[in-house]
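Notes to accompany the following structure.
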Amino acid sequence: MKKNKNKWIEKVILIVCVVAAIAVYMAVPSVHQGMNCVFAMFATGDFTVLRDFVASYGAYAAALSFLLMILQSIIAPLPAFLITFANANLFGWWKGAILSWSSAMAGAAICFYIARILGRDVAEKYGKNTILICRLLPFVSFDIVSYAAGLTSMSFSSFFIATGIGQLPATIVYSYVGGMLTGGAKLFVTGLLIIFALSALIFMMRSIYMEHMKKKRG
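Have a look at this one:
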């Protein structure tokens with residue numbers, strides 16, 4: 002009974018926070034304009050626009066980037082790889098990788114708990130392997146994966162470890178590449194990432210389908 006009561010309190014607090022955030026966005030012009038500016042930057046698909054915006058905050062640039070990564074985690078489906086590229090280009094590839102990985106982990110944890118509070122307590126296993134694969138895909142929004150995992154019976158520790166391991170190699174690679182991107186190379190690398198994402202997604206979907214058919218026959 003106490004557990005159910007705590008769950009109800011958590012849901013009420015979360016809903017109040019969401020409603021308050023929406024109210025501030027709608028009622029405060031500066032917040033409204035600022036958020037629209039952020040959305041517009043993501044919509045361009047050009048990480049240099051995002052990089053210049055983050056750089057304009059000077060000493061607070063890293064903190065702003067951290068908050069932007071959390072923001073894109075909560076609000077689907079803003080592409081996280083743009084922030085990763087921007088961080089690498091602005092702070093250097095290894096410092097950018099650390100910033101991108103840690104902020105993405107924080108965002109993933111928040112998404113997981115939002116879904117866990119509002120969603121079902123017990124569901125079919127989402128699968129750590131699926132989490133690992135999805136974290137490698139630059140165009141599979143991290144927040145969607147995190148929300149989906151939060152709706153399952155997977156423990157937070159399993160989710161966090163799978164997310165950290167799966168996300169780390171991709172973050173390092175994207176940061177290293179992002180630190181060197183200039184001019185026309187941006188379009189070339191973006192094209193390669195799209196091909197990689199589609200190939201990996203097809204492979205993942207095929208594996209899930211084959212596993213489903215195997216269980217069905219069994």
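Numbering follows the numbering used here, with no gaps: position 91 of the sequence shown is 92.
Every residue, glycine too, gets a C-beta built ideally from N, C-alpha and C.
As the structure is a computational prediction, the values presented were derived from the model and not from experiment.
With 16 other Cβ atoms within 10 Å as the buried cut-off, status of residue i
i: ALA171; result: buried
i: ILE84; result: buried
i: PHE48; result: buried
i: THR45; result: exposed
i: SER154; result: exposed
i: ARG52; result: buried
i: SER147; result: buried
i: SER101; result: buried
Coil, strand or helix - residue i by DSSP
i: TYR58; result: coil
i: SER156; result: coil
i: ILE173; result: helix
i: PRO80; result: coil
i: VAL29; result: coil
i: ASN7; result: helix
i: VAL123; result: With a pLDDT of only 37 at VAL123, under 50, the local geometry of the prediction cannot be trusted, and the value read off the model is given with reservation. Correct three-state label for VAL123: coil.
i: GLY167; result: helix
i: GLY97; result: helix
i: GLY46; result: coil
Own chain, CB closer than 6 angstroms to residue i, minus 5 neighbours either side, in chain order
i: SER104; result: PHE67 and MET70
For residue i, the nearest candidate out of the options (CA to CA)
i: ILE76; options: ASN90, LEU169 and ILE111; result: ILE111
i: ALA41; options: ALA89, PRO80, GLY93 and TRP102; result: PRO80
i: GLN73; options: ARG52, GLY59, GLY93 and ALA109; result: ALA109
i: ILE99; options: PHE54, TYR58 and LEU169; result: LEU169
i: PHE86; options: SER176, TYR58, MET214 and VAL32; result: SER176
i: PHE43; options: PHE82, VAL19 and TRP9; result: PHE82
i: VAL174; options: TRP9, LYS215 and TRP94; result: TRP94
i: ILE162; options: GLY35, MET106 and ASP53; result: MET106
i: ALA60; options: ALA21, ALA22 and PHE92; result: PHE92
Any non-hydrogen atom of the ligand FMN closer than 7 angstroms to residue i Cβ
i: THR45; result: What this structure holds is no ligand at all, so the ligand FMN is not there to describe.
Same chain, Cβ closer than 7 angstroms to residue i, five either side skipped, listed in chain order
i: ASN7; result: none
i: LEU15; result: ILE115, ILE118 and LEU119
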